[in-house]
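End of the sequence shown sits at 158 in my numbering; the numbers just go up one at a time, nothing left out.
Here is the structure we will look at.
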Amino acid sequence: MFSGAISVNLDNKGRLAIPTRYRESLSEGMVCTIGLYHSCLTLYSLSEWKCIEQQLATLSTIVEAERRIKRLLLGYATECLMDSSGRILLPPTLRTYAKLEKNTMFVGQSNKFEIWDEAIWYQQINDDIAALPTDIENLSDNLKSLTI
Numbered sequence: 011m012f013s014g015a016i017s018v019n020l021d022n023k024g025r026l027a028i029p030t031r032y033r034e035s036l037s038e039g040m041v042c043t044i045g046l047y048h049s050c051l052t053l054y055s056l057s058e059w060k061c062i063e064q065q066l067a068t069l070s071t072i073v074e075a076e077r078r079i080k081r082l083l084l085g086y087a088t089e090c091l092m093d094s095s096g097r098i099l100l101p102p103t104l105r106t107y108a109k110l111e112k113n114t115m116f117v118g119q120s121n122k123f124e125i126w127d128e129a130i131w132y133q134q135i136n137d138d139i140a141a142l143p144t145d146i147e148n149l150s151d152n153l154k155s156l157t158i
């Protein structure tokens with residue numbers, strides 16, 4: 011399970027150092043693609059990506075929303091291997107999509123990571139906090155059942 015938000019610098023060649031504590035878990039390889047709902051990237055372990063690929067294969071090419079999601083996730087999917095220094099190379103298309111500059115955030119999301127431009131990440135966090143419901147009755151049943 012991946013968690014935590016870690017500031018990581020992107021070098022001028024587009025390489026991003028994987029935080030040390032996650033390198034062993036990701037040593038089999040990774041797949042990076044776009045985040046569907048925000049200007050960020052999503053990084054999966056290779057084994058997790060294979061499960062997602064199987065799910066995507068079941069989507070219809072006739073249903074427009076399913077076709078779009080499949081096109082975007084698979085079209086941008088890029089296999090990433092760590093170099094001897096624990097870095098992965100993010101291609102220009104992915105860096106441009108996520109508006110990545112030098113300062114990035116590597117954010118654990120249970121089965122995957124999100125990679126954000128640091129300034130956009132902090133703005134998104136502020137927006138998320140402001141949008142939290144203050145009345146428990148507005149929470150979904152799933153949120154109400156959490157013991158947090």
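Glycine included, C-beta positions come from ideal geometry on N, C-alpha and C.
Test: residue i CB closer than 9 Å to a CB of chain B
i	result
PRO101	Within the model displayed, chain B is absent; a lone protein chain is all it includes.
Cβ neighbours of residue i in the same chain (closer than 6 Å, five flanking residues each side left out)
i	result
ASN121	GLU58
ILE16	PRO29, PHE116
One or two residues paired with residue i in a DSSP bridge
i	result
MET115	SER17, TRP126
LEU99	ARG25
SER55	MET40
CB-CB length for residue i against residue j, believed under 8 Å
i	j	result
LYS80	LEU91	Actually they are not in contact, since the Cβ atoms of LYS80 and LEU91 sit about 24 Å apart, beyond 8 Å.
LEU110	ASP137	Not confirmed; about 19 Å, so no contact.
Residue i - containing alpha helix (DSSP H), residue span
i	result
THR30	30-33
GLY46	According to the sequence as given, residue 46 is Leu; it is not Gly. Counting along the chain, LEU46 falls outside any alpha helix (DSSP H), and DSSP gives it neither H nor E.
Chain-order list of residues whose beta-carbon lies under 8 Å from that of residue i (same chain, five-residue window excluded)
i	result
TYR107	ILE44, SER49, LEU51, TYR86
PRO143	LEU149
Cβ-based burial, residue i [other Cβ within 10 Å; buried from 16]
i	result
LEU13	The question names Leu, but residue 13 is Ser in the sequence shown. Label assigned to SER13: exposed.
VAL73	exposed
ILE98	buried
Bounding residues of the beta strand (DSSP E) (the contiguous stretch that carries residue i)
i	result
GLU89	88-90
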